[in-house]
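**Student:** Have a look at this one.
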Amino acid sequence: MADTTAAHTSSTDRASRANRVPQVPGDAAKAAETSKQAMRLFNLSKNKLVKIAQWYRDLGEQEREFLNLITVTAIEDYLEWANLPEPIDKRGKVSADHLFSIAPIETARAISLSNVLEVTRTVVDIITENIGIIAPKGKERDYYEAALYYSREVSFSAAEVYAEVAETRSRWMTREEGLVLNSLLENKLDLALQSRMGVYGWDDSTAFFAAVGSARAQENSEITTGFFQAQTRLAVQGLDAEILMGTHTNTLFMVLVGAGSSENFDSIRTKIANLFSEDDCLCIGPYATGYEGASHSIRAAYNGYYASAMELDPPHPLFADDIIADRVLFGDATAADQLYSIYRSLEDSGKRSEVLPTVEYYLLKNCSLEQTAEHMVVHPNTVRYRLHKAMELTGWDPTNPKEAHALRIAIKIGRYREARSRSSTYPRAVPQLGSHDQ
Numbered sequence: 014m015a016d017t018t019a020a021h022t023s024s025t026d027r028a029s030r031a032n033r034v035p036q037v038p039g040d041a042a043k044a045a046e047t048s049k050q051a052m053r054l055f056n057l058s059k060n061k062l063v064k065i066a067q068w069y070r071d072l073g074e075q076e077r078e079f080l081n082l083i084t085v086t087a088i089e090d091y092l093e094w095a096n097l098p099e100p101i102d103k104r105g106k107v108s109a110d111h112l113f114s115i116a117p118i119e120t121a122r123a124i125s126l127s128n129v130l131e132v133t134r135t136v137v138d139i140i141t142e143n144i145g146i147i148a149p150k151g152k153e154r155d156y157y158e159a160a161l162y163y164s165r166e167v168s169f170s171a172a173e174v175y176a177e178v179a180e181t182r183s184r185w186m187t188r189e190e191g192l193v194l195n196s197l198l199e200n201k202l203d204l205a206l207q208s209r210m211g212v213y214g215w216d217d218s219t220a221f222f223a224a225v226g227s228a229r230a231q232e233n234s235e236i237t238t239g240f241f242q243a244q245t246r247l248a249v250q251g252l253d254a255e256i257l258m259g260t261h262t263n264t265l266f267m268v269l270v271g272a273g274s275s276e277n278f279d280s281i282r283t284k285i286a287n288l289f290s291e292d293d294c295l296c297i298g299p300y301a302t303g304y305e306g307a308s309h310s311i312r313a314a315y316n317g318y319y320a321s322a323m324e325l326d327p328p329h330p331l332f333a334d335d336i337i338a339d340r341v342l343f344g345d346a347t348a349a350d351q352l353y354s355i356y357r358s359l360e361d362s363g364k365r366s367e368v369l370p371t372v373e374y375y376l377l378k379n380c381s382l383e384q385t386a387e388h389m390v391v392h393p394n395t396v397r398y399r400l401h402k403a404m405e406l407t408g409w410d411p412t413n414p415k416e417a418h419a420l421r422i423a424i425k426i427g428r429y430r431e432a433r434s435r436s437s438t439y440p441r442a443v444p445q446l447g448s449h450d451q
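If you count the sequence shown from 1, you need to add 13 to reach this note's numbering.
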């Protein structure tokens, strides 16, 4: 087969063999016989893998060539080491580290550690099945023990290489995720951010939501934390979404979830709650779409987390839009703009409906239905109808104390901005008073 030839001919171009096990002294005929045996064992192993391993059949040409080259090299090294004259327990320590310098580190993306271990097991099986053919008479036991010993070293070397790859990738991912989260928090939606988000398959049509709180404290330090985060990541991916995690100023833990739609967001929200402390606020940003939406959700969750201090016994989790008025008091300009749009929806409902004047009087004067009706010179049922109309327009019920608070702040913001727009001399900002003026 083509890949067999590639593996055999490429062996002359291998990486430096300085760290390989010592060659057995002998003539060219013995070396040729060793190479011939190695190729025979390799072909048997390869044919078995083709039959039993779907992942092997699916490998790209380049990845398969590198894997075959590593396998042939390992088999040749094993045969050379097994044929050393000294007893196994008297030989120097063997190292298989050089095997994984043959292929570029990127190969680990296509060939997992479990794949490498499956190849190792398969080769050992083939060797043990053919001990009588490859081992000189009387040395069958030595060759069998050598196969077990050498395969163990290959497995350990593979585990070390893949651990280094995973650690490097983890550090890179942590850095990249932190850059994405901080850029969104600062509303820096440049091409660099979009490129980083593209790594996760996200674009301007992706649905997002964010969560901000304190990370759950784990008894067994970073190992347990990493385990729970990895399990949560897998669970979120199982719901057709991707998740970013990171810390902000070493105190807050932030999460961003993105998916093709928000269909599974309620389920995902439940799963990520386990990452956060139950003793502190967990604030959930609104579901939104695109880069602007992702930034809006994470900033709303961030500001909502701090604004939650104004609430008495806030729920867990707390939704950022449920305390939008508190976010305005905290200084959230986006929340103020949202409430102004609520005011405009009441204002644009039509002058004849008198919805806005009715809601204004009812909320700003803290009046009852009857008092409002008396002031508006209408029947209380008319006031009730207008308040219901306001709820249809805004989504908030003026008769509900919690929702009335948000509407009241919306009306005050609207009245202030309308007054400012009508006067060129209206102050654009509140003068900052010195301590002697306060």
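Glycine is no exception: its CB is placed at the ideal position from the N, C-alpha and C atoms.
Ignore the nearest five residues each way along the sequence and tell me which others in residue 254's own chain have a CB closer than 7 Å to its CB.
**Tutor:** These residues qualify, in order along the chain: 270, 271, 272, 277, 281.
**Student:** Would you grab the beta carbon distance between residue 511 and residue 371 for me? Rounded to a whole angstrom, and I think it's under 8 Å.
**Tutor:** Nothing about residue 511 can be read from this structure; the chain reaches only from 14 to 451.
**Student:** Closest to residue 44 by C-alpha separation, out of 58, 94, 82, would be which residue?
**Tutor:** When each option's Cα is compared against that of residue 44, the closest is 94.
**Student:** Pick out whichever of 342, 244, 289, 330 has its Cα sitting closest to the Cα of residue 423.
**Tutor:** Nearest C-alpha to residue 423: 342.
**Student:** Spatial neighbours of residue 228 within its chain, please: CB distance less than 8 Å, with the 5 preceding and 5 following residues excluded, ordered by chain position.
**Tutor:** Cβ neighbours of residue 228 beyond the five flanking positions: 238, 260, 266, 288, 289, 290.
**Student:** Taking 8 Å as the limit between beta carbons, can you name the residues of its chain near residue 353, skipping five residues before and five after?
**Tutor:** Counting only Cβ-Cβ distances below 8 Å, and skipping sequence neighbours, we find 423, 426, 427, 430.
**Student:** Between residue 193 and residue 96, what straight-line distance do the alpha-carbon atoms span, to the nearest angstrom?
**Tutor:** Going by the C-alpha atoms only, they are around 56 Å apart.
**Student:** Go ahead and pull the three-state DSSP assignment for residue 260.
**Tutor:** Strand at residue 260.
**Student:** Using beta carbons (cut-off 7 Å, strictly below), is residue 301 in contact with chain C?
**Tutor:** In summary, chain C is missing from the structure at hand, where a single protein chain is found.
**Student:** I'd like to check one pair, residue 419 with residue 411: are the Cβ atoms closer than 7 Å?
**Tutor:** Contact: no.
**Student:** Could you have a look at residue 432 and say whether DSSP puts it in helix, strand or coil?
**Tutor:** Residue 432: helix per DSSP, three-state reduction.
**Student:** Could you check if residue 89 is buried or exposed, using at least 16 other CB atoms within 10 Å of its CB as the buried criterion?
**Tutor:** That one is buried.
**Student:** Distance check for residue 165 and residue 286, CA to CA, integer angstroms please.
**Tutor:** About 41 Å.
**Student:** With DSSP run on the structure shown, which of helix, strand or coil describes residue 214?
**Tutor:** Correct three-state label for residue 214: coil.
**Student:** Beta strand (DSSP E) containing residue 349: first to last residue?
**Tutor:** Unbroken run through residue 349 is the alpha helix (DSSP H), 346-360; no beta strand (DSSP E).
**Student:** Are residue 112 and residue 87 close, meaning C-beta to C-beta below 7 Å?
**Tutor:** Yes, they are a contact pair.
**Student:** Kindly indicate the opening and closing residues of the beta strand (DSSP E) around residue 223.
**Tutor:** Taken as a continuous stretch (DSSP letters only), the beta strand (DSSP E) holding residue 223 covers 220-226.
**Student:** According to DSSP, simplified to helix, strand and coil, what is residue 160?
**Tutor:** Helix.
**Student:** When you compare the CB positions of residue 217 and residue 300, do they come within less than 7 Å of one another, or not?
**Tutor:** No, Cβ-Cβ distance for residue 217 and residue 300 is not below 7 Å.
**Student:** Taking three-plus beta-carbon pairs below 8 Å as touching, is the segment 199-210 in contact with the segment 134-146?
**Tutor:** No: fewer than three Cβ pairs fall under 8 Å.
**Student:** Return the Cβ separation of residue 146 and residue 156 in integer angstroms, given the expectation that the two are a contact with Cβ distance under 8 Å.
**Tutor:** At roughly 10 Å, the Cβ-Cβ gap does not stay under 8 Å, so residue 146 and residue 156 are not in contact.
**Student:** Take residue 104 and list the residues in its own chain whose beta-carbon comes closer than 7 Å to its own, dropping the five residues that flank it on each side.
**Tutor:** Within the same chain, residue 104 has close Cβ partners 97.
**Student:** Could you spell out the range, first to last residue, of the beta strand (DSSP E) harbouring residue 272?
**Tutor:** Residue 272 -> beta strand (DSSP E) spans 265-272.
**Student:** Which same chain residues end up closer than 8 Å to residue 407 when comparing Cβ atoms and leaving out the 5 residues on each side of it in sequence?
**Tutor:** If we look at residue 407 and ignore the five residues flanking it on each side, its Cβ neighbours are 355, 358, 359, 420, 423.
**Student:** Can you have a look at residue 210 and say buried or exposed, based on whether 16 or more other CB atoms are within 10 angstroms of its CB?
**Tutor:** Looking at its Cβ environment, which holds 16 or more other Cβ atoms inside 10 Å, residue 210 is buried.
**Student:** With burial defined as no fewer than 16 other Cβ atoms inside 10 Å of the residue's Cβ, what is the status of residue 436: buried or exposed?
**Tutor:** Looking at its Cβ environment, which holds fewer than 16 other Cβ atoms inside 10 Å, residue 436 is exposed.
**Student:** Measure the CB-CB distance between residue 257 and residue 190 and report whether it falls below 7 Å.
**Tutor:** Cβ distance < 7 Å, so residue 257 and residue 190 count as in contact.
**Student:** Can you tell me whether residue 169 is buried or exposed, with buried defined as 16 or more other CB within 10 angstroms of its CB?
**Tutor:** It is exposed - the Cβ of residue 169 has fewer than 16 other Cβ atoms within 10 Å.
**Student:** State the DSSP-derived secondary structure class of residue 325, mapped to helix, strand or coil.
**Tutor:** Coil.
**Student:** Give me the DSSP bridge partner(s) of residue 332.
**Tutor:** In the DSSP output, where bridge partners are listed per residue, residue 332 has 297.
**Student:** To the nearest whole angstrom, what separates the beta carbons of residue 330 and residue 296, a pair I think is in contact under 8 Å?
**Tutor:** Right, the Cβ-Cβ distance comes to about 7 Å (below 8 Å), so this counts as a contact.
**Student:** Who pairs with residue 255 in a beta bridge, going by DSSP?
**Tutor:** Bridge partners of residue 255: 271.
**Student:** Report the partner residues of residue 289 according to the DSSP bridge assignment.
**Tutor:** 228, per the DSSP bridge assignment.
**Student:** At which residues does the alpha helix (DSSP H) containing residue 342 begin and terminate?
**Tutor:** Residues 337-343.
**Student:** Can you list, in chain order, the residues of its chain with a C-beta nearer than 7 Å to that of residue 332? Leave out the 5 residues immediately preceding and following it.
**Tutor:** The residues are 297.
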